[in-house]
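Student: Pasting a structure below so you can have a look.
There are 2 protein chains.
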Amino acid sequence: MKFSKKSEYGLRALIELCETYGGRVLQRHEIAERQNIPVEFLEQILLALKRAGLLASRRGVRGGYSLIKSPEDITLGQVIRILDGPLAPISCVSKTAYQKCADCPYAATPSCPLQQAMGEVRDAIADILDHYTLSRFAHSK
Amino acid sequence: MKFSKKSEYGLRALIELCETYGGRVLQRHEIAERQNIPVEFLEQILLALKRAGLLASRRGVRGGYSLIKSPEDITLGQVIRILDGPLAPISCVSKTAYQKCADCPYAATPSCPLQQAMGEVRDAIADILDHYTLSRFAHSK
DNA sequence: ATTTTTGTCTAGTGAGTTGCTCAAGTTTTG
DNA sequence: CAAAACTTGAGCAACTCACTAGACAAAAAT
């Protein structure tokens with residue numbers, strides 16, 4: 079029941095990018111150094127965040143990455159879903175990636191006892207992470 | 079951010095064992111058949127739950143497994159921690175298995191921004207799972 | 001007492017994921 | 001053009017997950 083390094087690194091990188099939001103761009107090695115993240119691995123993460131529309135990048139000599147959305151419009155939930163997939167602890171309670179359990183004897187049944195409990199967990203997690211914005215990270219150093 | 083099959087199977091097995099609590103014992107193949115769980119894998123799970131003091135077992139001809147504690151004294155949190163380890167989404171916010179992050183630049187700092195958010199998540203998950211008892215599963219079929 | 005029926009324990013295994021590296025690009029600027 | 005940056009894709013070692021296999025131990029039935 080853990081988040082991956084990818085999510086953790088991604089969030090730490092975004093903390094860094096929040097600091098310079100509106101100002102200059104940050105290069106991958108700057109972020110990597112400040113946050114102790116292997117540069118090439120970080121790159122994959124930044125790319126994923128870029129494809130998801132959170133970051134912009136510029137190549138070339140004075141290139142780098144910058145936030146494309148305001149920190150208060152980015153939630154931890156968004157970021158984690160991009161990098162780690164759905165938040166739900168079991169897929170039959172995911173709202174973004176629902177999948178009927180193949181082997182569960184309650185799958186056909188109107189109510190699965192596990193599903194109820196796990197649904198509560200999912201909602202609690204999503205409730206926090208989908209309302210927690212990057213702006214709460216700003217100037218936290 | 080998912081629970082393992084181990085936890086899921088374990089909980090489903092316990093649902094089954096709740097049904098017969100106080101009555102007869104259940105054999106591994108009975109549980110396995112009713113819940114569609116590979117029998118040898120289930121065994122490992124039952125053994126782990128036994129070692130943790132939740133189940134009793136009897137060998138031999140009319141052997142099997144039975145709950146040793148009342149369903150209302152067993153929480154989902156306990157079970158999941160036995161089978162899946164700590165609930166915390168990152169180990170620096172675990173209460174049962176805390177570990178300082180090696181690479182995080184905020185590790186030395188009084189407050190890590192991620193830690194705060196993840197701590198909330200951990201508490202929310204634990205709050206639900208540590209108060210959700212197996213008795214809420216009883217006679218759910 | 002022996003056989004059968006069950007649980008106990010340890011080890012192994014194949015597939016997939018995680019965390020990371022490398023190399024060969026392409027784009028931009030000086 | 002050369003240097004500095006991002007881009008893309010392939011590759012890989014280590015680990016974990018889900019499961020399997022097999023030898024063994026105990027209890028009951030015969």
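Chain order of the listed sequences is A and B. According to my numbering, the first sequence is numbered sequentially starting from 79. According to my numbering, the second sequence is numbered sequentially starting from 79. Ideal Cβ positions, reconstructed from N, Cα and C, are used throughout, including at glycine.
Any idea which residues DSSP pairs A134 (chain B) with across the strands?
Tutor: Paired residues: B:S144.
Student: So, does the CB of R106 (chain B) fall closer than 9 Å to a CB anywhere in chain A?
Tutor: Taking Cβ atoms only, chain A never reaches closer than 9 Å to R106 (chain B), which makes this a no.
Student: Look at R214 (chain A) and A216 (chain B) and say whether their C-beta atoms are less than 9 Å apart.
Tutor: Going by C-beta atoms, R214 (chain A) is not nearer than 9 Å to A216 (chain B).
Student: To which residues does DSSP link L104 (chain B) through a beta bridge?
Tutor: According to DSSP, which records beta bridges pairwise, L104 (chain B) is partnered with B:Y143.
Student: Against chain A, with Cβ distances strictly below 9 Å, would Q177 (chain B) count as a contact?
Tutor: No, Q177 (chain B) lies away from the interface with chain A (no Cβ there is under 9 Å from its Cβ).
Student: Buried or exposed, going by whether 16 or more other CB atoms sit within 10 Å of the CB of F119 (chain A)?
Tutor: Exposed: under 16 other Cβ atoms inside 10 Å.
Student: Check whether the stretch 143–153 of chain A and the stretch 201–212 of chain A are in contact - that is, three or more C-beta pairs closer than 8 Å.
Tutor: These segments touch.
Student: Distance cutoff 9 Å, beta carbons only. Does Y210 (chain A) sit that close to anything in chain B?
Tutor: Yes, contact with chain B.
Student: Cβ closer than 7 Å: which chain A residues qualify as neighbours of V199 (chain B)?
Tutor: Those are I203, I206, L207, listed as they occur along chain A.
Student: Round the Cβ separation of L207 (chain A) and V199 (chain B) to the nearest angstrom and send it over; I've been treating them as touching at under 8 Å.
Tutor: Indeed, because the Cβ distance is near 7 Å, the residues count as touching under 8 Å.
Student: Can you tell me where the alpha helix (DSSP H) holding Y87 (chain A) begins and where it ends?
Tutor: Where Y87 (chain A) is concerned, the enclosing alpha helix (DSSP H) stretches over 83–97.
Student: Taking all protein chains shown into account, decide if L164 (chain A) is buried (16 or more other Cβ within 10 angstroms of its Cβ) or exposed.
Tutor: Checking the sequence shown, residue 164 (chain A) turns out to be Pro, not Leu. P164 (chain A) should be labelled buried.
Student: Going along the chain, which residues of its own chain have a beta-carbon closer than 7 Å to the beta-carbon of G155 (chain B), five neighbours each way excluded?
Tutor: So the qualifying residues of the chain are L165, A204, L207, D208.
Student: Under 9 Å Cβ-Cβ, which residues of chain B neighbour Q193 (chain A)?
Tutor: Ordered by position in chain B, no residue passes the 9 Å Cβ test against Q193 (chain A), which lies about 11 Å from the chain.
Student: Less than 8 Å between C-beta atoms, sequence neighbours within five positions excluded: which residues of the same chain meet that for S172 (chain B)?
Tutor: Excluding sequence neighbours, S172 (chain B) sits near P164, L165, A166, R200.
Student: List the residues of chain A that D222 (chain B) touches, going by C-beta distances under 7 Å, in chain order.
Tutor: What is shown of chain B runs 79 to 219, which leaves residue 222 (chain B) out entirely.
Student: Which residues does DSSP pair with D187 (chain B) in a beta bridge?
Tutor: According to the sequence provided, residue 187 (chain B) is Thr. The question's Asp does not apply to it. None, per the DSSP bridge assignment.
Student: Using a Cβ-Cβ cutoff of 9 Å, what residues of the stretch 114–135 of chain B are near chain A? List them in chain order.
Tutor: Listed by position, the residues of the stretch 114–135 of chain B near chain A (Cβ gap below 9 Å) are N114, I115.
Student: Leaving aside the five residues before and after R136 (chain B) along the sequence, list all residues of the same chain whose C-beta is less than 7 Å from its C-beta, in chain order.
Tutor: Excluding sequence neighbours, R136 (chain B) sits near V103, G142.
Student: Would you mind sorting G131 (chain B) into buried or exposed? The rule is 16 or more other CB atoms within 10 Å of its CB.
Tutor: Per the 10 Å Cβ criterion, exposed.
Student: Take A175 (chain A) and list the residues in its own chain whose beta-carbon comes closer than 8 Å to its own, dropping the five residues that flank it on each side.
Tutor: Hits under 8 Å: G163, P164, A166, S169.
Student: Determine, using beta carbons only, whether E97 (chain A) comes closer than 9 Å to chain B.
Tutor: Output row for E97 (chain A): interface = no.
Student: Compute the beta-carbon to beta-carbon distance between I93 (chain A) and P188 (chain B), rounded to the nearest angstrom, for a pair I have assumed lies under 8 Å.
Tutor: Actually they do not touch by this definition, with Cβ atoms about 16 Å apart.
Student: In chain order, what residues of the stretch 153–168 of chain A put their CB closer than 9 Å to some CB of chain B?
Tutor: For the stretch 153–168 of chain A, which is checked against every Cβ of chain B, the residues closer than 9 Å are L154, I158, D162, G163, P164, L165, A166, P167, I168.
Student: If P183 (chain B) and R129 (chain A) are in contact, beta carbons under 8 Å, what's the gap, nearest whole angstrom?
Tutor: With 8 Å as the limit, P183 (chain B) and R129 (chain A) do not qualify as a contact, their Cβ atoms being about 26 Å apart.
Student: State yes or no: is the C-beta of E121 (chain A) within less than 9 Å of the C-beta of R106 (chain A)?
Tutor: Yes, Cβ-Cβ distance for E121 (chain A) and R106 (chain A) is below 9 Å.
Student: Please report how far the alpha carbon of C179 (chain B) lies from the alpha carbon of E97 (chain B), in whole angstroms.
Tutor: Roughly 43 Å separates the two Cα atoms.
Student: Counting only C-beta atoms, is I109 (chain A) closer than 9 Å to chain B at any point?
Tutor: Not one chain B Cβ lies under 9 Å of I109 (chain A).
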